[in-house]
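Numbering (the working numbering), first residue to last: 30 to 211.
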Ligand code: IMP
Ligand code: MG
């Protein structure tokens with residue numbers, strides 16, 4: 030494959046690492062030790078992997094999160110997310126009575142996280158909070174959805190890396206970049 034896409038670095042790997050550390054410190058101030066983390070695949074797997082280890086460190090070994098994964102699919106692909114969302118792969122575990130932290134890569138229109146939060150509430154979680162690595166302001170299509178923990182607020186550009194993809198490529202980049210597709 031010849032790569033002709035143009036990638037401009039937006040957030041360096043070491044900046045991400047620092048922010049994940051401080052985010053973990055914010056999370057341990059507000060949430061209990063026996064968190065149930067619901068990581069939304071695929072975009073959040075890298076962030077989730079770093080966040081749980083940062084929680085361990087920030088909590089001095091007292092945090093004991095459990096982790097489960099869910100894949101939500103919205104129809105359509107490319108650089109815009111469309112309206113209809115479905116559960117493509119569900120959680121394995123029951124969230125009833127649990128303090129849930131939903132972890133996602135990016136909050137854009139808010140549709141994905143609104144849907145995820147509704148599911149977790151309907152399943153009678155004790156509490157539901159949201160952590161996202163990135164937030165694009167001014168793009169919200171759904172009212173009343175916000176993240177409780179936000180890593181970085183970024184400009185309204187399509188970004189890749191650190192788990193985020195374009196057509197399922199670029200998830201392996203250690204940094205976040207803005208991509209211009211040629
Ligand atoms: P929302 O439902 O519009 O808030 O979109 C959230 C989902 O769209 C994220 O979980 C990502 O999978 C995807 N997404 C939104 N913006 C970007 C981006 O800039 N790069 C890569 N994926 C994105
Ligand atoms: Mg996603």
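Note that CB positions come from ideal geometry on N, CA and C, so glycine has one too.
Beta-carbon proximity list for residue 154, same chain, < 8 Å, skipping 5 on both sides:
Excluding sequence neighbours, residue 154 sits near 65, 124, 125, 126, 127, 128, 129.
From residue 103 to residue 81, what distance separates their C-alpha atoms?
Going by the C-alpha atoms only, they are around 27 Å apart.
Less than 9 Å between the C-beta atoms of residue 157 and residue 179, yes or no?
The beta carbons of residue 157 and residue 179 sit no closer together than 9 Å.
Quick one: what's residue 193 bridged to in DSSP?
According to DSSP, residue 193 bridges with 190.
Please classify residue 133 as buried or exposed, where buried requires at least 16 other C-beta atoms within 10 Å of its C-beta.
Burial call: buried.
By how many angstroms is the C-alpha of residue 188 removed from the C-alpha of residue 37?
Approximately 9 Å between the Cα atoms of the pair.
For residue 165, which option in 173, 149, 174, 186 has the closest C-alpha, if you only look at C-alpha atoms?
Sorting 173, 149, 174, 186 by C-alpha distance to the C-alpha of residue 165 places 186 at the top.
Let's see if you can read the secondary structure: which residues bound the alpha helix (DSSP H) around residue 51?
In the DSSP annotation of this structure, the continuous segment of the alpha helix (DSSP H) that includes residue 51 starts and ends at 42-59.
Would you tell me roughly how many angstroms separate the C-alpha atoms of residue 190 and residue 136, rounded to the nearest one?
Rounded to the nearest angstrom, the two C-alpha atoms are 15 Å apart.
Taking contact to mean 3 or more Cβ pairs, one atom from each stretch, closer than 8 Å, check whether the stretch 189-209 and the stretch 33-50 are in contact.
Yes, since at least three Cβ pairs between the stretch 189-209 and the stretch 33-50 fall closer than 8 Å, the two stretches touch.
Out of 74, 115, 62, 70, state which residue places its alpha-carbon closest to the alpha-carbon of residue 95.
Restricting attention to 74, 115, 62, 70, the CA atom closest to the CA of residue 95 is found in 62.
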